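Asks: Position 19, counted from 1, in the sequence shown is what my numbering calls 19; the numbers after and before it change by one each time, with no gaps.
Virtual Cβ for every residue (Gly too), placed ideally from N, Cα, C.
Nothing here was measured: the structure is a model prediction, and the numbers come from that model.
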Amino acid sequence: ACKKLLHTIASVLRPSRGYLLLQSNVEDVAVVIRNTALTMGFESVPLPNYQTASSLDKGERLPQRTVDWIQSGGERAVGDKWSAVPLLPRRGATETEISYEFLGTNVHRCLLQVSSSDE
Numbered sequence: 001a002c003k004k005l006l007h008t009i010a011s012v013l014r015p016s017r018g019y020l021l022l023q024s025n026v027e028d029v030a031v032v033i034r035n036t037a038l039t040m041g042f043e044s045v046p047l048p049n050y051q052t053a054s055s056l057d058k059g060e061r062l063p064q065r066t067v068d069w070i071q072s073g074g075e076r077a078v079g080d081k082w083s084a085v086p087l088l089p090r091r092g093a094t095e096t097e098i099s100y101e102f103l104g105t106n107v108h109r110c111l112l113q114v115s116s117s118d119e
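1. Just the C-alpha distance for Thr96 and Val29, rounded to the nearest angstrom, thanks.
2. Are the beta-carbon atoms belonging to Val45 and Leu112 less than 8 angstroms from one another?
3. Label Leu103 either buried or exposed according to how many other C-beta atoms from any shown protein chain fall within 10 Å of its C-beta, with 16 as the threshold for buried.
4. Assess, as a yes-or-no matter, whether the region 25-44 is touched by the region 72-87 under the definition of 3 or more beta carbon pairs within less than 8 angstroms.
5. So, with DSSP's three-state summary, where would you put Glu43?
6. Please look up how many angstroms separate the CB atoms of Val168 and Arg65, rounded, as I've assumed it's under 8 angstroms.
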C-alpha cells in the first residue's frame with residue numbers, strides 16, 4: 001500500500017517538481033517510508049536546520065519502540081536530510097504537530113522530491 005501511494009504521489013508531483021513533506025513522531029516509520037521513497041525515484045532535499053542524534057535524544061527517555069529500533073541496528077533519522085524544526089510556518093502546522101511540540105515529543109521530518117533523473 002505504501003509503494004502504491006508513493007507511486008501516485010510521484011505521478012502528481014513529477015510535472016511541477018513539487019515536494020513531499022514526510023513527518024512522523026515514530027522514528028522507524030519515518031525512516032522506512034523515506035527509504036522506500038528513495039527506491040521509487042524520490043530524492044531527499046538537504047535541509048539547513050538538520051537533525052542530529054543529540055537533538056533527537058535531548059536527555060529525555062526514548063520510547064521503547066525507538067530503543068528497540070536502535071538496538072536492532074535500525075537507521076536513525078539524523079543528518080542533513082532530516083529537520084530538527086518544523087518546515088511549515090506555525091499557522092500551517094497540524095494540531096498534532098503543535099501538541100508534540102508542547103509535549104517535547106520529537107517529530108521526524110524530511111523533504112522529498114521526485115528525482116530529476118527519474119523523468
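Replies: Working from what's here:
1. 16 angstroms
2. Result yes, Cβ atoms of Val45 and Leu112 sit closer than 8 angstroms.
3. With fewer than 16 other Cβ atoms within 10 Å, it is exposed.
4. Contact between the region 72-87 and the region 25-44 is present, because at least three Cβ pairs lie under 8 angstroms.
5. strand
6. For residue 168 there is no data in the structure shown, the boundaries of the chain being 1 and 119.
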